[in-house]
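In our numbering, each residue's number is its place in the sequence shown (first place is 1) plus 20.
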Amino acid sequence: MKHSILARSLLLLCVAAGTLAGCAPVTQRPAVEDKAIAEEARKQRELAWQDLQEDLARLYRVSYPILARGANFCEDKVRFSIGVRIGNAQGVAKEFRETAARLAGLRDELQVIQVAPGSPAERAGLREKDIILAVEGKSTQSGEGAREKLAAALEEAAKTRKQLDFKIRRGSAEQVLRIELEPVCDYPVVVNSADAINAFADGKQVAVTRGMLRFVRDDLELAVVVGHELAHNTMGHIRKQMGNAFLGTILDVLAASRGVNTQGAFGNIATMVFSKDFEAEADYAGLYFTARAGYEIDRAPNFWRRMAAANPGGIQQRGFGASHPSTPERFLALEKIAEEIKAKKTAGKDLAPQLQK
Ligand SMILES: [Zn+2]
Numbered sequence: 021m022k023h024s025i026l027a028r029s030l031l032l033l034c035v036a037a038g039t040l041a042g043c044a045p046v047t048q049r050p051a052v053e054d055k056a057i058a059e060e061a062r063k064q065r066e067l068a069w070q071d072l073q074e075d076l077a078r079l080y081r082v083s084y085p086i087l088a089r090g091a092n093f094c095e096d097k098v099r100f101s102i103g104v105r106i107g108n109a110q111g112v113a114k115e116f117r118e119t120a121a122r123l124a125g126l127r128d129e130l131q132v133i134q135v136a137p138g139s140p141a142e143r144a145g146l147r148e149k150d151i152i153l154a155v156e157g158k159s160t161q162s163g164e165g166a167r168e169k170l171a172a173a174l175e176e177a178a179k180t181r182k183q184l185d186f187k188i189r190r191g192s193a194e195q196v197l198r199i200e201l202e203p204v205c206d207y208p209v210v211v212n213s214a215d216a217i218n219a220f221a222d223g224k225q226v227a228v229t230r231g232m233l234r235f236v237r238d239d240l241e242l243a244v245v246v247g248h249e250l251a252h253n254t255m256g257h258i259r260k261q262m263g264n265a266f267l268g269t270i271l272d273v274l275a276a277s278r279g280v281n282t283q284g285a286f287g288n289i290a291t292m293v294f295s296k297d298f299e300a301e302a303d304y305a306g307l308y309f310t311a312r313a314g315y316e317i318d319r320a321p322n323f324w325r326r327m328a329a330a331n332p333g334g335i336q337q338r339g340f341g342a343s344h345p346s347t348p349e350r351f352l353a354l355e356k357i358a359e360e361i362k363a364k365k366t367a368g369k370d371l372a373p374q375l376q377k
């Protein structure tokens with residue numbers, strides 16, 4: 021934030037006079053009433069909440085099909101899902117509960133917040149704002165911890181059943197929906213609050229910063245990011261890179277930065293990066309994940325080009341250091357990967373990455 025010239029010169033004046041403490045304001049500003057401030061605070065909280073809900077919904081909508089269609093490649097890290105986000109007021113930070121109640125109707129009972137397109141829940145007719153009353157005849161709880169208990173109950177039920185009966189309330193009517201359970205990669209994709217344009221994998225989940233969510237221009241670009249980070253997880257890069265002793269989080273400043281430059285669009289964020297081979301591997305397998313979810317990947321290489329342009333410090337010729345893939349090299353490799361995937365699609369083949377024997 022820049023001080024205005026006036027403010028700066030006033031400050032300088034005070035400092036020059038050596039009386040900083042006694043330097044009272046000299047302008048006569050309009051008075052603001054407390055009531056109006058409270059009202060404005062409420063509006064700003066609403067905006068902040070809505071903004072976050074949009075980010076959460078977008079990331080879930082884009083990532084769910086990637087996690088579901090990629091399940092074959094997640095081996096033992098698979099769980100079962102019906103493709104919904106469910107929550108209640110207690111899952112919202114205290115200062116936003118009133119806002120959540122007013123804008124989304126979130127209260128103590130478990131409520132459907134979002135239904136992923138193409139998910140079993142959507143096929144069964146579950147809708148946003150439906151209240152979950154019972155699963156397989158067992159009443160769900162409400163209040164603190166209800167969501168976690170439901171998740172645990174679903175996990176348990178999934179061991180023996182392929183579909184579950186959900187008793188719901190919509191408006192004033194109750195009904196039962198039978199919903200299939202679908203295997204999905206058990207690497208939840210979450211929103212990280214940082215402003216830097218970044219995404220990361222830690223072997224357990226994938227995080228995408230709000231800075232990245234602002235940077236991506238459309239769902240395809242976001243899907244490319246999620247696919248790339250998911251690939252780091254499925255290929256065990258964190259374990260391989262860090263050794264078993266320390267499973268740390270790797271901030272994967274995508275493409276361009278490569279530890280070369282932490283300035284500019286990427287902000288001052290501590291950066292640990294994967295090796296060149298792991299990056300190339302995540303680009304390769306990641307684009308397959310993205311394509312499997314039905315995204316048209318033609319424009320994917322161009323996204324990495326945009327990433328490079330956002331942080332030109334990372335643009336290097338081939339061979340810059342031994343471990344730094346240059347962004348031009350990366351872009352050209354991605355074009356080839358996209359061609360390989362398209363050829364398989366045209367031939368009606370399964371979109372599976374080629375693994376070395
Ligand atoms: Zn990466």
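The beta carbon of each residue, even a glycine, is placed where N, CA and C say it ideally should be.
Val245 and Ala219 do touch by the CB rule: their CB atoms are close to 5 Å apart, below 8 Å. Here the distance from the Cβ of Ala302 to the nearest heavy atom of ligand 1 is below 6 Å. Leu242 and Ile361 have their C-alpha atoms spaced approximately 18 Å apart.
Using a Cβ-Cβ distance cut-off of 8 Å, the stretch 94 to 111 and the stretch 59 to 66 are not in contact, since fewer than three pairs of beta carbons, one from each stretch, lie closer than that value. With a contact defined as Cβ atoms closer than 8 Å, Gln134 and Arg105 qualify at about 4 Å.
Leu146 sits away from Lys187, with the two beta carbons spaced by 7 Å or more. When C-beta atoms of the stretch 84 to 94 are compared with those of the stretch 125 to 132, fewer than three pairs fall below 8 Å, so the two segments do not count as touching. Between the alpha carbons of Ser162 and Glu168 lies a gap of roughly 11 Å.
Three or more beta-carbon pairs separated by less than 8 Å link the stretch 196 to 214 to the stretch 224 to 239, which places the two stretches in contact.
Around the C-beta of Glu202, 16 or more other C-beta atoms lie within 10 Å, and the residue is accordingly described as buried. Looking only at Ala124, Ala328, Gly107, the smallest Cα-Cα distance to Thr160 is reached by Gly107. Remark: fewer than three beta-carbon pairs, one from each stretch, lie closer than 8 Å, so the stretch 171 to 190 and the stretch 116 to 127 are not flagged as touching. Excluding residues up to 5 positions away in sequence, Arg89, Gly90, Leu371 lie with their Cβ nearer than 7 Å to the Cβ of Arg312 in the same chain. In the three-state reduction of the DSSP assignment, Thr366 falls in the helix class.
Remark: C-beta atoms of Leu375 and Phe309 do not approach each other more closely than 7 Å.
With respect to Leu184, Val155 sits close: the two C-beta atoms are nearer than 7 Å. Restricting attention to Thr347, Gly125, Leu170, Asp239, the CA atom closest to the CA of Arg326 is found in Thr347. Uninterrupted alpha helix (DSSP H) stretches at least 4 residues long and entirely within the stretch 105 to 172 occur at 114 to 124, 140 to 144, given in chain order. Look at Asn253 here: in three-state DSSP terms it is helix.
Taking C-alpha positions only, Ala216 is separated from Ile258 by approximately 21 Å. Per DSSP, reduced to three states, the secondary structure at Pro208 is coil, with no helix or strand assignment. Beta-carbon to beta-carbon, Lys158 and Ala173 are separated by about 7 Å, close enough to satisfy the 8 Å threshold.
Exposure of Ala68 is indicated by the presence of fewer than 16 other C-beta atoms within 10 angstroms of its C-beta.
Annotation for Leu201: no alpha helix (DSSP H) segment contains it, and DSSP assigns it neither H nor E. Using a 10 angstroms sphere on the CB of Gly111, the tally of other CB atoms reaches 16 or more, which defines it as buried.
Per DSSP, Ala305 is one residue of the alpha helix (DSSP H) stretching across 296 to 312.
By the Cβ neighbour-count rule, Leu352 is exposed, with fewer than 16 other Cβ atoms within 10 Å of its own. Distance from Pro140 to Arg81 at the Cβ level is roughly 15 Å; contact not present, criterion being Cβ atoms closer than 8 Å. Around Asp318, the same chain offers Ala358, Lys362 as residues with beta carbons nearer than 8 Å, after the five sequence neighbours per side are excluded.
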